[in-house]
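Trainee: Below you will find the structure I want to go over with you.
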DNA sequence: AATAACAATTAGCTTAAGTTAATTTCTAAT
DNA sequence: ATTAGAAATTAACTTAAGCTAATTGTTATT
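Protein chains in written order, with our numbering: chain A, 1 to 199; chain B, 1 to 199.
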């Protein structure tokens with residue numbers, strides 16, 4: 001069950017964690033031995049509406065899209081790319097998921113579960129400190145995104161996106177981007193035209 | 001320095017914490033002895049734009065409004081009422097605050113700071129478990145609010161607010177509500193009229 | 001009770017987003 | 001290379017939000 005992808009990706013995780021806390025070589029090994037890294041081909045549905053999320057995800061490579069289906073239409077609510085964690089609401093609340101998670105590209109993910117996380121924390125208690133820090137950062141980031149969304153017009157939101165996550169525009173279809181911005185694909189087309197007209 | 005308000009409010013805190021973890025009588029005393037409960041009169045600014053937040057807040061009674069000033073206009077971005085925690089972005093990032101926090105009513109708040117929290121956690125390590133749980137709940141709640149905001153029209157957002165936080169409409173001026181919903185007070189007026197017309 | 005300050009509504013006009021439908025462009029599969 | 005299907009754009013029309021300004025309603029203060 002040896003997996004080249006996993007071996008390379010382990011180093012990304014170690015590096016990521018090391019930005020928060022210092023790991024001894026032994027602790028690094030504990031993490032490496034977890035072997036919870038999995039590649040998913042494009043279009044894999046990680047979580048479907050109605051399902052109970054039993055895992056949380058850390059994107060090592062690729063892109064995951066979060067979307068709701070409302071009146072039969074897909075409404076994208078978030079994109080997760082390299083080094084972003086996904087904690088499904090369903091994972092926290094233990095209720096059926098309101099939304100889908102699906103891979104927009106071939107994606108490599110580190111999987112977490114309550115049981116495994118607790119086990120890991122028992123072995124490396126420092127990890128809990130990291131968790132608290134990460135939670136606080138995510139909370140801050142969420143708030144900033146919400147504030148931007150509320151205070152900016154659709155056009156400003158689009159401009160903002162081209163600045164804060166320019167990569168997304170190249171790796172994700174525009175109709176996904178549109179609903180992510182809270183508008184229709186037609187509106188996004190017009191906005192892009194308007195912007196290109198005025199240079 | 002004995003304070004009646006604080007004595008009563010302490011019980012709320014104990015009760016709130018007990019929903020997450022079990023406290024021994026000794027631990028309850030430790031928390032009570034913190035004495036970090038303060039009343040603030042209406043219109044007190046807890047945090048101003050540009051300031052560094054050194055405290056986080058837990059609202060025991062009253063209402064705190066978060067707002068940005070954009071082009072000289074106040075844009076409300078959140079309301080915090082009983083049993084809600086406020087962790088300013090500035091508190092997490094150590095950067096100057098982008099927004100204000102101010103009391104809409106006379107408000108009683110439990111104050112937290114990194115130093116005091118760490119001290120407390122040293123004495124009651126269980127508290128860290130609670131923190132992680134709370135963070136996870138807040139994260140879920142934030143996501144749900146963001147999704148609602150993105151996927152609902154202004155009118156639907158207003159209707160949704162009347163269902164999820166009906167108290168707010170009675171305790172907060174409508175012009176605050178309007179910007180909180182991401183619209184102008186004029187638009188909110190029209191929406192309310194539209195709704196009352198159609199019963 | 002009168003007044004000042006602020007909150008909320010109303011009106012008219014402008015602008016842009018939603019909706020429906022058609023057309024063009026792009027992509028992937030045979 | 002051709003074609004089918006999807007994505008993106010365009011257009012025409014409808015609807016509602018933003019903006020400016022005026023008016024009415026409410027609250028607090030003297």
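Think of the CB as a built atom: it goes at the ideal place given N, C-alpha and C, for glycine as much as any other residue.
(1) Could you work out which residues of chain A lie near residue 75 (chain B), taking near to mean beta carbons separated by less than 9 Å?
(2) Which partner residues does residue 39 (chain B) have in the DSSP bridge list?
(3) Just to confirm, is the Cβ distance from residue 30 (chain A) to residue 126 (chain A) under 7 Å?
(4) Going by the DSSP bridge assignment, what does residue 63 (chain A) pair with across the sheet?
(5) In this structure, does DSSP put residue 54 (chain A) in helix, strand or coil?
(6) Take the Cβ of residue 2 (chain B) as the centre, count every other Cβ of all protein chains shown within 10 Å, and call the residue buried at 16 or more, exposed below.
(7) Among B:37, B:63 and B:51, which one has its Cα closest to the Cα of residue 171 (chain B)?
(8) Quick check on this structure: which residue in B:109, B:13 and B:69 has the alpha carbon closest to the alpha carbon of residue 56 (chain B)?
(9) Could you check if residue 19 (chain A) is buried or exposed, using at least 16 other CB atoms within 10 Å of its CB as the buried criterion?
(10) What is the rounded straight-line gap between the Cα of residue 161 (chain B) and the Cα of residue 74 (chain B)?
(11) So, with DSSP's three-state summary, where would you put residue 76 (chain A)?
(12) Give the single residue among A:120, A:96 and A:135 whose Cα lies nearest to the Cα of residue 28 (chain A).
(13) Does DSSP put residue 2 (chain B) in a helix, a strand or coil?
(14) How is the alpha helix (DSSP H) around residue 187 (chain A) delimited, first residue to last?
(15) For residue 45 (chain A), report the span of its beta strand (DSSP E) as first-last.
(16) I'd like the span of the alpha helix (DSSP H) that includes residue 101 (chain A), first residue to last.
(17) So the alpha helix (DSSP H) residue 19 (chain A) belongs to, where does it begin and stop?
(18) So, does the CB of residue 92 (chain B) fall closer than 7 Å to a CB anywhere in chain A?
(19) Contact criterion: CB-CB distance below 7 Å. Does residue 136 (chain A) meet it with respect to chain B?
(20) Who are the Cβ neighbours of residue 17 (chain A) in its own chain at under 6 Å, not counting the five residues just before and after it?
(21) In this structure, does DSSP put residue 85 (chain B) in helix, strand or coil?
(22) Taking Cβ-Cβ distances below 7 Å as the criterion, which residues of the stretch 116-131 of chain B are in contact with chain A?
(23) For residue 42 (chain B) versus residue 147 (chain B), is the C-beta distance shorter than 7 Å?
(24) Counting only beta-carbon atoms, is residue 89 (chain B) nearer than 7 Å to chain A?
Mentor: The structure says:
(1) What you label residue 75 (chain B) is simply residue 75 of the second chain in a count that begins at 1. Near residue 75 (chain B) (Cβ distances below 9 Å), the residues of chain A are 147, 150 and 151.
(2) In the second chain, the residue the question calls residue 39 (chain B) occupies position 39. Partner(s): B:108.
(3) Residue mapping note: residue 30 (chain A) aligns to position 30 of the first chain, counting from 1. Residue mapping note: residue 126 (chain A) aligns to position 126 of the first chain, counting from 1. Contact flag unset, no.
(4) If you number the first chain from 1, residue 63 (chain A) lands on position 63. DSSP lists no partner for residue 63 (chain A).
(5) Here residue 54 (chain A) refers to the residue found at position 54 when the first chain is read from its first residue. Correct three-state label for residue 54 (chain A): coil.
(6) Reading the second chain from its first residue, position 2 is the one you call residue 2 (chain B). The predicted position of residue 2 (chain B) is uncertain, since its pLDDT is 48 and thus under 50; a value taken from the coordinates is nonetheless stated next. Burial is judged here by how many other beta carbons sit within 10 angstroms of a residue's own beta carbon; residue 2 (chain B) has fewer than 16 and is exposed.
(7) Residue numbering aside, residue 171 (chain B) sits at position 171 when the second chain is read from its first letter. Looking at the Cα atoms, B:63 is the closest of the given residues.
(8) As a position in the second chain, residue 56 (chain B) is number 56, starting the count at 1. Here the closest residue by C-alpha is B:109.
(9) Sequence index remark: in the first chain, residue 19 (chain A) carries index 19 (1-based). By the 10 Å Cβ count, residue 19 (chain A) comes out exposed.
(10) What you label residue 161 (chain B) is simply residue 161 of the second chain in a count that begins at 1. What you label residue 74 (chain B) is simply residue 74 of the second chain in a count that begins at 1. Spanning the two alpha carbons is a distance of roughly 20 Å.
(11) Here the question's residue 76 (chain A) lines up with position 76 in the first chain. Secondary structure at residue 76 (chain A): strand, using DSSP grouped into helix, strand and coil.
(12) Within the first chain, numbered from 1, the residue matching residue 28 (chain A) stands at position 28. Among A:120, A:96 and A:135, the Cα nearest to that of residue 28 (chain A) belongs to A:120.
(13) By 1-based counting over the second chain, the position of residue 2 (chain B) is 2. Low confidence applies to residue 2 (chain B): its pLDDT is 48, below 50, so where it sits in the model is not reliable, and the reading given next is rough at best. Three-state DSSP puts residue 2 (chain B) in coil, outside helix and strand.
(14) For the purposes of this step, residue 187 (chain A) is taken as residue 187 along the first chain, with counting starting at 1. Residues 185-197.
(15) In the first chain, the residue the question calls residue 45 (chain A) occupies position 45. Looking at the DSSP string, the run of the beta strand (DSSP E) that includes residue 45 (chain A) is 45-47.
(16) Residue mapping note: residue 101 (chain A) aligns to position 101 of the first chain, counting from 1. In this chain, residue 101 (chain A) is not harboured by any alpha helix (DSSP H); it is covered by the beta strand (DSSP E) spanning 100-103.
(17) Sequence index remark: in the first chain, residue 19 (chain A) carries index 19 (1-based). No alpha helix (DSSP H) holds residue 19 (chain A); DSSP gives it neither H nor E.
(18) Here the question's residue 92 (chain B) lines up with position 92 in the second chain. Residue 92 (chain B) counts as touching chain A.
(19) Position 136 of the first chain, counted from the start, is the residue given in the question as residue 136 (chain A). Closer than 7 Å: yes.
(20) Residue 17 (chain A) sits at position 17 when you count from the first residue of the first chain. Listed in chain order, the non-local C-beta contacts of residue 17 (chain A) below 6 Å within the same chain number zero, local neighbours out to five positions each way being set aside.
(21) Within the second chain, the letter at position 85 stands for residue 85 (chain B). Taken through DSSP and simplified to helix, strand or coil, residue 85 (chain B) comes out as strand.
(22) If you check each beta-carbon in the stretch 116-131 of chain B against every beta-carbon of chain A, the ones closer than 7 Å belong to 128 and 131.
(23) In the second chain, counting from the first residue as 1, residue 42 (chain B) sits at position 42. In the second chain, counting from the first residue as 1, residue 147 (chain B) sits at position 147. Going by C-beta atoms, residue 42 (chain B) is not nearer than 7 Å to residue 147 (chain B).
(24) The residue labelled residue 89 (chain B) in the question sits at position 89 within the second chain. At a cut-off of 7 Å between C-beta atoms, residue 89 (chain B) counts as an interface residue with respect to chain A.
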